[in-house]
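Let me begin by presenting the structure, written as C-alpha cells, before commenting on it.
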Amino acid sequence: MESVPNVQELVRNDPLQVPESFLIGNEEEEDKLQSTADKYNLSSEIPIIDLSLLSRGSEEELHKLDKACEEWGFFQVINHGVATEVLQEMKDATTKFFELPLEEKNKIRMPPDDFQGYGQAYAVAQGQTLDWSDALFLRIYPAQYRKPNLWPIAPEGFKETIEAYSSGVKRIRDELLRCLSSTLGMEKDALLNLHQEVTQALRVNYYPPCNMPGKVLGLSPHSDTSTITILMQEDNVTGLQIRKEGEWVPVKPIPNALVVNVGDVMEIWSNGKYRSIEHRAVTTESKSRISYASFILPHAEVEVEPFGHIVELSGSQKYKKVKYGDYLRSSLKGKLKGKSHIETAKIGS
Numbered sequence: 002m003e004s005v006p007n008v009q010e011l012v013r014n015d016p017l018q019v020p021e022s023f024l025i026g027n028e029e030e031e032d033k034l035q036s037t038a039d040k041y042n043l044s045s046e047i048p049i050i051d052l053s054l055l056s057r058g059s060e061e062e063l064h065k066l067d068k069a070c071e072e073w074g075f076f077q078v079i080n081h082g083v084a085t086e087v088l089q090e091m092k093d094a095t096t097k098f099f100e101l102p103l104e105e106k107n108k109i110r111m112p113p114d115d116f117q118g119y120g121q122a123y124a125v126a127q128g129q130t131l132d133w134s135d136a137l138f139l140r141i142y143p144a145q146y147r148k149p150n151l152w153p154i155a156p157e158g159f160k161e162t163i164e165a166y167s168s169g170v171k172r173i174r175d176e177l178l179r180c181l182s183s184t185l186g187m188e189k190d191a192l193l194n195l196h197q198e199v200t201q202a203l204r205v206n207y208y209p210p211c212n213m214p215g216k217v218l219g220l221s222p223h224s225d226t227s228t229i230t231i232l233m234q235e236d237n238v239t240g241l242q243i244r245k246e247g248e249w250v251p252v253k254p255i256p257n258a259l260v261v262n263v264g265d266v267m268e269i270w271s272n273g274k275y276r277s278i279e280h281r282a283v284t285t286e287s288k289s290r291i292s293y294a295s296f297i298l299p300h301a302e303v304e305v306e307p308f309g310h311i312v313e314l315s316g317s318q319k320y321k322k323v324k325y326g327d328y329l330r331s332s333l334k335g336k337l338k339g340k341s342h343i344e345t346a347k348i349g350s
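All you need for our numbering is the position in the sequence shown, starting with 1, plus 1.
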C-alpha cells in the first residue's frame, strides 16, 4: 500500500495546486460531477423519519421506515433525542482538531497496519485516483477494542466530546435496529442479538476546499460494508450525494438531523429487500466540510446470510453466507468502487 499526501497540508501550502493523482481524468465523469452539483430536484424527496414517533410505536412511521429502506436505502432522522449542544460541541471540537498543526495531529497517526488514528485512506494500487480528504478513524464500542494511544489528546476535552456524541448515536442505533427487526417481520431484539456484539466505529472525514471541485472527489462512489451507517453533516455545506435512478442526488442537510443509510450487511440479511446505496462526497471551491460517519457492524465472527422467512417470501436466495470479518477484510483490500464488493456475496458470482 502506498502512503497518500495530507490533503489539508497540500491546500495550506498551495491552494491553487491539485496534484494529478487526485484528478478524476475522465471527461464523462467530470461532466457528471458538474451537471449534478446543483441538482436538487430529487433531494427534497429523501425520506424524513421521526425517531420520537418510532419510539412511541407509531405504525405509520414504521411503514415509512420500511419504504425508505426499500425505495431509497437512505433517510434523514429528526427528533432523535441527541441534544443540539452535544452535536454542536462535537462539530466545534473537531474543527479545532483539524486546525491543529500537522505535527500535533500526527501524534496519533494511523500506523501502517491499522485503520485507527489520523491520516488518509491508503492507496491500494499504483496510479489509483486519490480522494480529496483526510480522516480521523476510531473504534468506539465495545470499549475494549479502543486504542487509547490513537485517540486525540487535543483539543482539551475532545475525548469526552466524542464519548458523549457516540453515546447518543449508540442509543439511536439500538432503536433503529429494533425497528428494522420489526419491519423485517422479526422479534424486536433479533437484529441486535444477531450482531453478537454490536461494533460502532467513527470516521470523521475532513474535505478541504478544492480549486478544481469539478475534477476531484472528496470520497469515491461506494456502498458501506456496515449494517447501517449514521452520519452527521455540516448544516451549511452540501457535499453528500446518493445514486438514485442513475442520477447523483445531493442530500441537503436538515439542521440537527442525522442521515442514515443501509449497508451491505442489511442488504444480505434482507435478501435484497433493503439495498445498500451507492454514495459519494463532492468538494467545494470556497469551504471545507466535515462529516461524521458512525458505522454499525456485526462481530467479525458473525455469519451473515439472508433470513429464511424472507427467502421464502421472495422465492429464491440471492446471497451466499459470508463470515463478516472476511467480507470486511476483503473490501479493505480494494479501492472504493461503487457496489462492486457486494457482488462477491451474490449467488452465482
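Ideal placement from N, C-alpha and C gives every residue a C-beta, glycine not left out.
task: Alpha carbon to alpha carbon, how far is Ser-45 from Val-261? Give it in angstroms, no decimals.
output: Walking along the sequence shown from the start, residue 261 turns up at place 260. Walking along the sequence shown from the start, residue 45 turns up at place 44. The straight-line gap from Cα to Cα measures roughly 16 angstroms.
field: Any alpha helix (DSSP H) of 4 or more consecutive residues that is wholly inside the stretch 44-69
entry: As far as the stretch 44-69 is concerned, its whole alpha helix (DSSP H) runs of at least 4 residues are 52-56.
message: Tell me whether the stretch 219-228 and the stretch 194-211 touch, counting them as touching only if at least three CB pairs, one residue from each stretch, are closer than 8 angstroms.
response: Short answer: they touch.
query: Which residues bound the alpha helix (DSSP H) around Arg-174?
result: Translated into positions along the sequence shown, residue 174 becomes position 173. Unbroken alpha helix (DSSP H) run through Arg-174: 159-184.
message: Quick check on Arg-147: does DSSP put it in helix, strand or coil?
response: Within the sequence shown, residue 147 is the residue found at index 146, counting from 1. The answer is coil: DSSP assigns Arg-147 none of H, G, I, E or B.
- request: Within the same chain, show all residues whose beta-carbon is closer than 8 angstroms to that of Ile-79, passing over the 5 residues directly before and after it, in chain order.
  value: The residue labelled residue 79 in the question sits at position 78 within the sequence shown. Contacts found: Ile-49, Ile-50, Asp-51, Leu-52, Ile-255, Asn-257, Ala-258.
field: Exposure label - Ile-348; buried when at least 16 CB within 10 Å
entry: Walking along the sequence shown from the start, residue 348 turns up at place 347. Exposed.
- prompt: Sorted by chain position, which residues of the same chain lie with C-beta nearer than 8 angstroms to Leu-54's C-beta, five sequence neighbours on each side aside?
  reply: For the purposes of this step, residue 54 is taken as the residue at position 53 of the sequence shown. Within the same chain, Leu-54 has close Cβ partners Glu-61, Glu-62, Asn-80.
- prompt: Does the stretch 279-298 touch the stretch 230-241, meaning 3 or more C-beta pairs lie closer than 8 angstroms?
  reply: The stretch 230-241 vs the stretch 279-298: in contact.
- request: Tell me, please, which residues DSSP counts as bridged to Gly-339.
  value: Working through the sequence shown from its first residue, we reach residue 339 at position 338. In the DSSP assignment, the residues bridged to Gly-339 are His-223.
field: Any 3 or more C-beta pairs closer than 8 angstroms across the stretch 286-294 and the stretch 209-217
entry: These segments touch.
message: Can you find the residues in the same chain that come closer than 8 angstroms, C-beta to C-beta, to Lys-68, ignoring five residues on each side of it along the sequence?
response: Within the sequence shown, numbered from 1, the residue matching residue 68 stands at position 67. So the list reads Pro-48, once near-sequence residues are dropped.
- request: May I have the straight-line CA-CA distance separating Asn-107 from Leu-333, to the nearest angstrom?
  value: Here residue 107 refers to the residue found at position 106 when the sequence shown is read from its first residue. Here residue 333 refers to the residue found at position 332 when the sequence shown is read from its first residue. Across the structure, Asn-107 and Leu-333 are spaced so that their CA atoms are roughly 22 angstroms apart.
Val-217 vs Val-19 beta-carbon contact at 8 angstroms: Here the question's residue 217 lines up with position 216 in the sequence shown. Here the question's residue 19 lines up with position 18 in the sequence shown. Contact flag set, yes.
message: Please report the distance separating the alpha-carbon of Met-2 from that of Asp-327.
response: Within the sequence shown, numbered from 1, the residue matching residue 2 stands at position 1. Within the sequence shown, numbered from 1, the residue matching residue 327 stands at position 326. Summary for Met-2: the model assigns pLDDT 49, below 50, so the residue's position carries little reliability; its value from the coordinates is reported in the next sentence. Between Met-2 and Asp-327, the C-alpha separation is close to 19 angstroms.
- prompt: Among the residues of its own chain, which have a CB less than 6 angstroms from the CB of Met-91, if the five just before and after it don't count?
  reply: Sequence index remark: in the sequence shown, residue 91 carries index 90 (1-based). Taken in chain order, the residues that qualify are Thr-162, Tyr-166.
message: I'd like to confirm the pairing. Which residues does DSSP put opposite Arg-281 in its beta bridges?
response: For the purposes of this step, residue 281 is identified with residue 280 of the sequence shown, where counting begins at 1. According to DSSP, Arg-281 shares a beta bridge with Gln-242.
query: Should the stretch 133-146 be called in touch with the stretch 178-185, which here means at least 3 C-beta pairs below 8 angstroms?
result: No, the stretch 133-146 does not touch the stretch 178-185.
task: Check whether the Cβ atoms of Lys-274 and Glu-72 sit closer than 8 angstroms, and answer yes or no.
output: The residue labelled residue 274 in the question sits at position 273 within the sequence shown. The residue labelled residue 72 in the question sits at position 71 within the sequence shown. No; because the gap between Cβ atoms is not below 8 angstroms, this pair is not in contact.
task: Look at the alpha carbon of Asp-175 and the alpha carbon of Glu-104, and state the distance between them as a whole number of angstroms.
output: In the sequence shown, the residue the question calls residue 175 occupies position 174. In the sequence shown, the residue the question calls residue 104 occupies position 103. When rounded, the distance between both Cα atoms is 38 angstroms.
query: According to the Cβ coordinates, are Lys-324 and Pro-307 closer than 8 angstroms?
result: Along the sequence shown, read from residue 1 onward, the residue named residue 324 stands at position 323. Along the sequence shown, read from residue 1 onward, the residue named residue 307 stands at position 306. Lys-324 places its beta carbon 8 angstroms or farther from that of Pro-307.
Beta-bridge pairing of Ala-155 - partner residues as DSSP gives them: Against the sequence shown, residue 155 aligns to sequence position 154. Per DSSP, none; premise fails for Ala-155.
- prompt: Buried or exposed: His-358, going by 16 or more other Cβ atoms within 10 Å of its Cβ?
  reply: Examination of residue 358 is not possible in this model, given that the chain is present from 2 through 350 alone.
message: Can you give me the C-alpha to C-alpha distance between His-196 and Asp-115, rounded to a whole angstrom?
response: The residue given as residue 196 occupies position 195 in the sequence shown. The residue given as residue 115 occupies position 114 in the sequence shown. Distance from the CA atom of His-196 to the CA atom of Asp-115, rounded to whole angstroms, is 23 angstroms.
field: Contacting residues, own chain, Cβ-Cβ under 8 angstroms from Asp-152 (five flanking each side not counted)
entry: Reading the sequence shown from its first residue, position 151 is the one you call residue 152. Here residue 152 turns out to be Trp, not Asp, going by the sequence shown. Ile-109, Leu-139, Lys-160, Ile-163, listed in sequence order.
- prompt: How big is the Cα-Cα spacing for Ser-22 and Leu-131?
  reply: If you number the sequence shown from 1, residue 22 lands on position 21. If you number the sequence shown from 1, residue 131 lands on position 130. Answer to the nearest angstrom: the Cα atoms are 6 angstroms apart.
query: What did DSSP end up calling Met-2 once you bin it into helix, strand or coil?
result: Here residue 2 refers to the residue found at position 1 of the sequence shown. Residue confidence for Met-2 is low, a pLDDT of 49 falling below 50, so the modelled location carries little weight and cannot support an answer.
- request: For Leu-353, write down the residues that DSSP places opposite it in a beta bridge.
  value: Past the edges of the chain, shown from 2 to 350, lies residue 353, and the structure says nothing about it.
field: alpha helix (DSSP H) runs contained entirely in the stretch 266-340, provided each spans 4 or more residues
entry: The stretch 266-340 contains these whole alpha helix (DSSP H) runs: 309-315, 325-333.
task: Starting from the C-beta of Val-170, find all residues in its chain whose C-beta is less than 6 angstroms away, skip the five residues before and the five after it, and write them out in chain order.
output: The residue you call residue 170 lines up with position 169 of the sequence shown. Excluding sequence neighbours, Val-170 sits near Ile-231, Ser-295.
query: In whole angstroms, what separates the C-alpha of Glu-157 from that of Tyr-119?
result: Along the sequence shown, read from residue 1 onward, the residue named residue 157 stands at position 156. Along the sequence shown, read from residue 1 onward, the residue named residue 119 stands at position 118. Cα to Cα, the separation comes out at about 17 angstroms.
message: Quick check on the burial criterion: 16 or more other C-beta atoms within 10 angstroms. Buried or exposed for Thr-85?
response: The residue you call residue 85 lines up with position 84 of the sequence shown. Thr-85 comes out exposed.
- prompt: Where does Thr-230 sit, in a helix, a strand or coil, going by DSSP?
  reply: What you label residue 230 is simply residue 229 of the sequence shown in a count that begins at 1. DSSP places Thr-230 within a strand segment (E or B) once states are collapsed to three.
query: Roughly how many angstroms lie between the CA atoms of His-223 and His-342, to the nearest whole one?
result: Within the sequence shown, numbered from 1, the residue matching residue 223 stands at position 222. Within the sequence shown, numbered from 1, the residue matching residue 342 stands at position 341. Rounded to whole angstroms, His-223 to His-342 spans 9 angstroms at the Cα level.
task: Give the straight-line distance between the Cα atoms of Pro-102 and Lys-340, rounded to the nearest whole angstrom.
output: Within the sequence shown, residue 102 is the residue found at index 101, counting from 1. Within the sequence shown, residue 340 is the residue found at index 339, counting from 1. Taking the straight line joining both Cα atoms gives about 36 angstroms.
query: When DSSP builds the beta bridges, which residues end up paired with Ala-202?
result: Here the question's residue 202 lines up with position 201 in the sequence shown. Arg-140, Phe-296.
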